[in-house]
Every structure is written in C-alpha cells, then in structure tokens.
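Visitor: Before anything else, here's the structure in question.
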Amino acid sequence: MAIAITLKNYLDSMGVHYEVVAHAPTHSSLHTARAAHVPADHLAKPVILEDDNGYVMAVVPSNRQVRMGELSKQMSRHLRLATENELRDLFRDCALGAIPPLGTAYGLETVMDDTLPLQEDVWFEAGDHEELIHMQGAEFASLMQRAQHHHFSKEL
2 MAIAITLKNY LDSMGVHYEV VAHAPTHSSL HTARAAHVPA DHLAKPVILE
52 DDNGYVMAVV PSNRQVRMGE LSKQMSRHLR LATENELRDL FRDCALGAIP
102 PLGTAYGLET VMDDTLPLQE DVWFEAGDHE ELIHMQGAEF ASLMQRAQHH
152 HFSKEL
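Count the sequence shown with my numbering and you get residues 2 to 157, in order.
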C-alpha cells in the first residue's frame, strides 16, 4: 500500500511541500518513530472519538495519550473511542493504525493538542504501516488552521 489517495489528493490540492519517507513495517506510533529515527514528540498521531454529535479526530504527539475526560469537558461533549469497524468505514484507503492526522481531508472535525511542536518538522502516517509523510511544522500548521486547539494529553 502506498500513500492513501485521499491524503495525497488533499495535500496536493492544498499546495503544501512534503516528502514520503519509507520505514520498516511497524504497528504502533512509538515503534514507527523509532524505526524512522524520528523524535516521538514530532510524530503526530490521530485518535478517533465519537459521540451522538459525530466524530472528532484528536491529534497528539506519538509519545502522549488523549485524556478523554479532559477533552470531553473542554469540548462540552461526551466522547468515546470509535470502533475498529467505524474506522474502516471512515478511512477506507488506510490501514488500521496508520490513519493520517488530517481530519479535514476526511471530513472530520479536528482538535489538536497544544503539545505538538509546530515550530519544527512534523511526521505522520501516510495510510499504511511502511511510510510517513514529512513536512515543515509551518506547513502542517497551515493544514490544521481550522482545527480547535486545546491541551488534553498526557505523557505515556
């Protein structure tokens, strides 16, 4: 599997500069960071949540986890993790566990944790377990312009 077509089309339509970086197959974001020799706090990962109002993509660094209670409170929602079946339906061109953190590309409301260091390079999954997208933090920040920003994560 290569870069997810939805992701590629979105990145190209937004005119951002990026590169695709191959890495050894992995199945967790922390292992991906190690395999690709990327700082774990610069690898953005999504966590897909839902409630009766729909889905939310929460974006955090790979070395952190979402505090769902805190995020629910900040968004005035009752969020829970989306199921694997829901993820398959939402991200048909991505492998489970390799979803890119760009909710806008998939029509999802997005919220980004303030701990992601956008002043430096950012990496994220390209839709499979063998490739990452690499771009400057300013480019990633431009893609996340419409996202809400909160502090809702804690270290693993």
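The beta carbon of each residue, even a glycine, is placed where N, CA and C say it ideally should be. In this text the structure is predicted, and so the values were computed from the model without any measurement.
Please classify T111: is it buried, with 16 or more other beta-carbons within 10 angstroms of its beta-carbon, or exposed?
Guide: Here residue 111 corresponds to residue number 110 of the sequence shown, with the count starting at 1. Classification for T111: buried.
Visitor: Closest to A138 by C-alpha separation, out of G128, R78 and D115, would be which residue?
Guide: Translated into positions along the sequence shown, residue 138 becomes position 137. Note that residue 138 is Gly in the sequence shown here, rather than Ala. The shortest Cα separation from G138 among G128, R78 and D115 belongs to D115.
Visitor: What's the call for V21, buried or exposed, on a 16-neighbour Cβ count within 10 Å?
Guide: In the sequence shown, counting from the first residue as 1, residue 21 sits at position 20. V21 should be labelled exposed.
Visitor: Between R65 and L157, what straight-line distance do the alpha-carbon atoms span, to the nearest angstrom?
Guide: As a working note, residue 65 is residue 64 in the sequence shown. As a working note, residue 157 is residue 156 in the sequence shown. Cα to Cα, the separation comes out at about 5 Å.
Visitor: Where in the stretch 6-50 do unbroken runs of the beta strand (DSSP E), each at least 3 residues long, occur, reported from the N-terminal end onward?
Guide: You should have 20-23.
Visitor: Pick helix, strand or coil for D90, following the three-state DSSP scheme.
Guide: Residue numbering aside, residue 90 sits at position 89 when the sequence shown is read from its first letter. If DSSP states are grouped into helix, strand and coil, D90 belongs with the helices.
Visitor: If you run the structure through DSSP and keep just helix, strand and coil, what is F75?
Guide: On the sequence shown, position 74 is the one that residue 75 refers to. With the sequence shown as reference, residue 75 is identified as Gln, and Phe is not the correct amino acid for it. If DSSP states are grouped into helix, strand and coil, Q75 belongs with the helices.
Visitor: Between which two residues does the beta strand (DSSP E) containing S143 stretch?
Guide: Along the sequence shown, one-based indexing puts residue 143 at 142. Careful: S143 lies outside any beta strand (DSSP E), inside the alpha helix (DSSP H) at G138 to L144.
Visitor: If contacts are defined as beta-carbon pairs under 8 Å, then L88 and Y11 qualify, I think. What distance do you get, rounded to the angstrom?
Guide: Locating residue 88 in the sequence shown gives position 87, where the first residue counts as 1. Locating residue 11 in the sequence shown gives position 10, where the first residue counts as 1. The Cβ separation is near 18 Å, so there is no contact.
Visitor: In the DSSP assignment, find the beta strand (DSSP E) that holds P62 and state where it starts and stops.
Guide: Walking along the sequence shown from the start, residue 62 turns up at place 61. From DSSP, the beta strand (DSSP E) with P62 extends over G55 to P62.
Visitor: Determine the DSSP secondary structure at T111, reduced to helix, strand or coil.
Guide: Locating residue 111 in the sequence shown gives position 110, where the first residue counts as 1. Correct three-state label for T111: strand.
Visitor: Taking the C-alpha atoms as reference points, what is the distance between G55 and A34?
Guide: Position 54 of the sequence shown, counting from 1, holds the residue named residue 55. Position 33 of the sequence shown, counting from 1, holds the residue named residue 34. Their backbone Cα atoms lie some 30 Å apart in a straight line.
Visitor: Identify whether E85 lies in helix, strand or coil by the three-state DSSP scheme.
Guide: Position 84 of the sequence shown, counting from 1, holds the residue named residue 85. If DSSP states are grouped into helix, strand and coil, E85 belongs with the helices.
Visitor: With 16 as the cutoff for other CB atoms within 10 Å, does S29 come out buried or exposed?
Guide: For the purposes of this step, residue 29 is taken as residue 28 along the sequence shown, with counting starting at 1. That one is exposed.
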